[in-house]
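What follows is a short report on a single structure.
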Amino acid sequence: HWLMLGQAKLELGKPSEAEECFRKSKELGIETASLYVGLGNACLRQGKRDEAREYLKIYSEIKSRDNLSGPERYQVLSEKEIKRTATSIFTEAAAIFYKKKDVTEAERLLLRCVAIDPSSLASLRAVADLYFKTKMLPEERTVRERVLELGSEVFSDYVDLAKVCATQGDRSAAEAALKLAVNAFPQALEPYATMAQFYLESGNLVSARWYAQQSIERQPTPQGFRFLAGICEKMNDRSGAEQANQLAQKLEAAK
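For the sequence shown, the numbering used here begins at -18 and goes up steadily by one.
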């Protein structure tokens, strides 16, 4: 725990706190190359050159003696844990800086999280959310596109991309993002309902009705039928609207 925390503190630019963590790890009997290189770097950043030289010398001796000893194998296996700890610290620190209205520092810390693990969807979402809050639309769009490129299985990621595209006035890209959601979740209600709402707002009533019908086929709800009825009314399809309203009433009565 102390070793991982020390690594994270060092990444965060807090060498004094990192050194303290590394020393506590050493007190617990940890004698790995990663410990000594961490101690060496922490001391070096504080101007403690003699101590840094001593620890880095021990690091070199360990590496030359056994490039992959038992403890080092454990260290390799714990790399993911180190990354998780560092990411957690950076994310918490970013939230603090954002509350202080220091957006630049918050952005820097969240981007460090992405640098630690470029494939982390959680880190990318955190960066995108920061850009959303600060109305940095081009940056937000780029990051949200990256989330989908990495194979997100979360429906809201598609919606978030569509929203930023629509806000930029690029409704074609927004439409494309929602179509990707339909393809990714073909049996789910939400993508079809969202697509229907999108087309309704665009004035494409024919497509809006089709997607509304598809959403109802997947999960009939009173709200879904009433939404369909509203579309039919806009199309002057009174019989379709009446039928949809009747089905909504039946479902409500059955509850």
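Cβ coordinates follow ideal geometry from the N, Cα and C atoms, glycine included.
All figures in this text were calculated on a predicted structure; none of them were measured in a lab.
(message) I'd like the list of long-range same chain contacts for Ala87, defined as Cβ closer than 7 Å, with 5 residues on each side in sequence excluded.
(response) So the qualifying residues of the chain are Ala75, Phe78, Tyr79, Leu111.
(message) Contact defined as beta carbons within less than 8 Å: I believe Cys2 pairs with Leu(-14). What is the distance between those atoms, to the nearest angstrom?
(response) About 5 Å; that satisfies the 8 Å criterion.
(message) Starting from Gln178, trace the alpha helix (DSSP H) in both directions and tell me its first and last residue.
(response) It spans 170 to 183 - the alpha helix (DSSP H) in which Gln178 sits, taken as one unbroken run.
(message) Looking only at its chain, what residues have a beta carbon closer than 6 Å to the beta carbon of Tyr173, apart from the 5 residues adjacent to it on each side?
(response) Taken in chain order, the residues that qualify are Tyr192, Gln195, Ser196.
(message) Measuring only the C-alpha atoms, how far is Leu142 from Glu12?
(response) Spanning the two alpha carbons is a distance of roughly 47 Å.
(message) Output needed for Thr148: all residues of its chain with C-beta closer than 8 Å, excluding positions within five of it in sequence on either side, in chain order.
(response) Its chain contains Leu118 as the residues whose beta carbon lies nearer than 8 Å to that of Thr148, once the 5 sequence neighbours on both sides are disregarded; these appear in chain order.
(request) Kindly indicate the opening and closing residues of the alpha helix (DSSP H) around Thr238. (result) Since the displayed the chain opens at -18 and closes at 236, residue 238 lies outside it and no answer follows.
(request) Pick helix, strand or coil for Glu86, following the three-state DSSP scheme. (result) DSSP places Glu86 in helix when its eight states are reduced to three.
(request) State the Cα-Cα distance for the pair Ile39 and Ser6, rounded to the nearest angstrom. (result) Answer to the nearest angstrom: the Cα atoms are 16 Å apart.
(request) May I ask you to report which of helix, strand or coil DSSP gives Met(-15)? (result) Three-state DSSP puts Met(-15) in a helix.
(message) Using a Cβ-Cβ cutoff of less than 8 Å, which residues in the same chain neighbour Gly184 once the five nearest sequence positions on both sides are dropped?
(response) Cβ within range, chain order: n/a, list empty.
(request) Specify, as a first and last residue, the run of the alpha helix (DSSP H) that Thr148 falls within. (result) Run containing Thr148: 136 to 148, per the alpha helix (DSSP H) assignment.
(message) Please classify Glu182 as buried or exposed, where buried requires at least 16 neighbouring CB atoms within 10 angstroms.
(response) Residue burial annotation: Glu182 is exposed, with fewer than 16 other C-beta atoms found within 10 angstroms of its C-beta.
(message) Taking the alpha-carbon of Ala210 as reference, which of Gln200, Leu159, Leu186 has the nearest alpha-carbon?
(response) Comparing Cα-Cα distances from Ala210 to each of Gln200, Leu159, Leu186, the minimum goes to Leu186.
(request) Helix, strand or coil for Ser6, going by three-state DSSP, please let me know. (result) Ser6 falls in the helix class under three-state DSSP.
(message) According to DSSP, is Ser100 part of a helix, a strand, or is it coil?
(response) Collapsing the DSSP output to three states places Ser100 in coil.
(message) Using CA atoms only, rank isn't needed, just tell me which of Leu(-16), Arg152, Gln204 is closest to Leu9.
(response) It is Leu(-16) whose Cα lies nearest to the Cα of Leu9.
(request) Given a cut-off of 8 Å, decide if Leu105 and Arg127 are closer than it, judged by their beta-carbon atoms. (result) Against a cut-off of 8 Å, the Cβ pair of Leu105 and Arg127 comes out as a contact.
(request) Answer with buried or exposed for Ser220, where buried requires no fewer than 16 other C-beta atoms within 10 angstroms of its C-beta. (result) The residue in question, Ser220, is exposed, as its Cβ has fewer than 16 Cβ neighbours within 10 Å.
(request) Consult DSSP for Gln227 and reduce its assignment to one of helix, strand or coil. (result) When secondary structure is reduced to three states using DSSP, Gln227 falls in the helix class.
(request) Tell me whether Ser(-3) sits in a helix, a strand or coil according to DSSP, three-state version. (result) Three-state result, Ser(-3): helix.
(request) Identify, in the order they occur along the chain, each residue of the same chain with its Cβ nearer than 8 Å to the Cβ of Glu0, setting aside the five sequence neighbours on each side. (result) Closer than 8 Å at the Cβ level, and outside the excluded window around Glu0, lie Gly(-13), Leu20, Ala23, Cys24, Gln27.
(request) Have a look at Leu159 and Asn226 and give me their C-alpha separation to the nearest angstrom. (result) Those two C-alpha atoms are separated by around 27 Å.
(request) Quick one: residues in its chain with C-beta nearer than 6 Å to the C-beta of Ile63, no 5 flanking neighbours on either side, listed in chain order? (result) Counting only Cβ-Cβ distances below 6 Å, and skipping sequence neighbours, we find Met(-15), Gln(-12).
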